[in-house]
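Single-structure report; data block below.
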Amino acid sequence: MNANPYPIEIEPVDISAYKEGNTGVPYATTFDSGTPGAHVMVMALTHGNELCGAITLDYLLRHDIRPTQGKLTFGFHNVAAYATFDPNDPIASRFVDEDLNRVWGVDVLDGDRDTLETRRAREMRPLIDTVDLLLDIHSMTNDSPALTLCGPLDKGRDLALALKSPTYVVADAGHAAGTRLRDYGGFGNPAAPQNALLVEAGQHWRADAVTVSMDVTLRFLRQTGAISEDAFQAHIKSDEANLADQKYIKVSGPHTIESDFFSWADDYTGMELIEKAGTVIGRDGARDVVTPYDNCVLIMPNKLKTKGHSAVRFGQLMS
Ligand SMILES: [Zn+2]
């Protein structure tokens, strides 16, 4: 048996108390302030092995965080995958049948593909259709700095920058393999008022991912008007004066592995800034893989070097 190569500094929390909820959708709870305002939602566990979101929502629920206006919903997404989490094989519980963050295209939701994840998305969909502002909490395999995936639209960028954290804000169009929750419906429509962010809080099982997840969630809840400044101050741990200036990065595209022999030129973990265009960062079969422009950022370089998969996504540092 292979030893698990990843650090495991955190444990799953028991979320069984949230199963019934009050929305008709298992593991989704809505609090209604009784006054007008946006419907704000924080989602955890879109990937079942990304523990920090579940720990964050459990904390907020236990501390009776309630909306001061509009509605606030807390959701646990791929609970079936989460239930299988095993610290000796922590990658395995990402999903059950397929990636729940690739099934949010209307074609898939309206189609007849029947997997545990399409069933869960269809169950969650009527609730999501009422959400104005969504934060979807994720984490990463690499020990890479935290980042927000704000999507390709200006409204996503503006919301990510308003939160002031995490440092890196990455604009990307999602994945050819299927639509993310972050890009579903009005979230991905430039003319619609809905808005969504996906935060990658750090390495999946580092304690720091929980710190970042909690921090960004509280900032999101304050920014969207869901919680008061007093509630924010009662729980926030970071000092705003110490936050680094945010960096805004536009993803241009991936390098898709073309051969059976791919190797990296260095031990990249993500967010490395490569100053000169044409710098060799890897080798794919008989050819060098080079950075396409000056000030190129390596987004989530993949340790698994499988033909046909993305080795890395290139991003251009804009500010
Ligand atoms: Zn994820």
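Taking my numbering, the leading residue of the sequence shown gets -19, the next gets one more, and so forth. From the three backbone atoms N, C-alpha and C, an ideal C-beta is built for every residue, glycine too.
| What beta strand (DSSP E) runs, 3 residues minimum, are completely inside the stretch 193 to 245? | 227 to 236 and 242 to 244
| said: My output table needs one value for L25: the three-state DSSP class, helix, strand or coil. | reply: coil
| Three-state class that DSSP yields for S299 in the structure shown | coil
| query | Where T147 and S208 are concerned, what is the direct C-alpha to C-alpha distance, given to the nearest angstrom? | reply | 24 angstroms
| field | Pairwise C-alpha distance: D246 and R105 | value | Taken atom to atom, the span from the alpha-carbon of R105 to that of D246 is near 42 angstroms.
| message | Going by DSSP, what residue range makes up the alpha helix (DSSP H) through A34? | response | Unbroken alpha helix (DSSP H) run through A34: L31 to R42.
| task | Just mark P173 as buried or exposed, buried being the case when its beta carbon has 16 or more other beta carbons within 10 Å. | result | In the assembly as shown, P173 is an exposed residue. Its beta-carbon has fewer than 16 other beta-carbons within 10 Å.
| task | Put M104 into one of helix, strand or coil per three-state DSSP. | result | helix
| said: Taking only three categories from DSSP, how would you classify F65? | reply: coil
| query | Would the stretch 227 to 238 and the stretch 67 to 84 be scored as touching if the rule is three or more Cβ pairs under 8 angstroms? | reply | no
| message | Would you say the beta carbon of H43 is closer than 7 angstroms to some non-hydrogen atom of ligand 1? | response | no
| task | Pair every Cβ in the stretch 253 to 263 with every Cβ in the stretch 120 to 130, then say whether three or more of these pairs are closer than 8 angstroms. | result | no
| Environment of S299 [buried if 16+ CB atoms lie within 10 Å] | exposed
| task | Please classify D92: does DSSP put it in a helix, a strand, or coil? | result | coil
| Using DSSP with H/G/I as helix, E/B as strand and the rest coil, what is A153? | coil
| query | Whole-angstrom Cβ separation of F56 and L115, contact assumed at under 8 angstroms? | reply | At roughly 14 angstroms, the Cβ-Cβ gap does not stay under 8 angstroms, so F56 and L115 are not in contact.
| query | When you compare only the Cα positions, how much space is there between V277 and W185? | reply | 24 angstroms
| Taking the alpha carbon of T236 as the point to measure from, which residue in D219, V270, A211 and A214 has its own alpha carbon closest? | V270
| task | Could you check if E0 is buried or exposed, using at least 16 other CB atoms within 10 Å of its CB as the buried criterion? | result | exposed
| How is M(-19) classed by DSSP in three states: helix, strand or coil? | A caution first: M(-19) carries a pLDDT of 45, below 50, which makes its placement in the model unreliable, though a value can still be read off. Here M(-19) sits in coil by DSSP.
| field | Whole-angstrom C-beta distance between G295 and V231, which should lie under 8 angstroms | value | The C-beta separation of V231 from G295 comes to about 5 angstroms, placing the pair in contact by the 8 angstroms criterion.
| message | Quick check on the burial criterion: 16 or more other C-beta atoms within 10 angstroms. Buried or exposed for M(-19)? | response | A caution first: M(-19) carries a pLDDT of 45, below 50, which makes its placement in the model too unreliable to give a value.
| Among L41, L113, D188 and E180, nearest to D(-6) - alpha-carbon criterion | Of the listed residues, the one whose Cα sits closest to D(-6) is L41.
| task | Kindly indicate which residue of R102, W84, D12 and A63 has the alpha-carbon position closest to the one of V5. | result | R102
| field | Reduced DSSP secondary structure (H/G/I, E/B, other) of A189 | value | A189: helix per DSSP, three-state reduction.
| said: Taking the straight line between their C-alpha atoms, what separation do you get for F212 and I261? | reply: Near 42 angstroms, if we compare the C-alpha coordinates of I261 and F212.
| said: Using the three-state DSSP reduction, which class does Y164 fall into: helix, strand or coil? | reply: coil
| Bridge partners of K51, per DSSP? | Looking at the DSSP output, K51 bridges to D12 and H19.
| query | For ligand 1, is there a heavy atom less than 7 angstroms away from the beta-carbon of N68? | reply | no
| query | In its own chain, which residues sit with a C-beta less than 7 angstroms from the C-beta of E180, not counting the 5 before and 5 after it? | reply | H118, S119, M120, A126, L127 and L129
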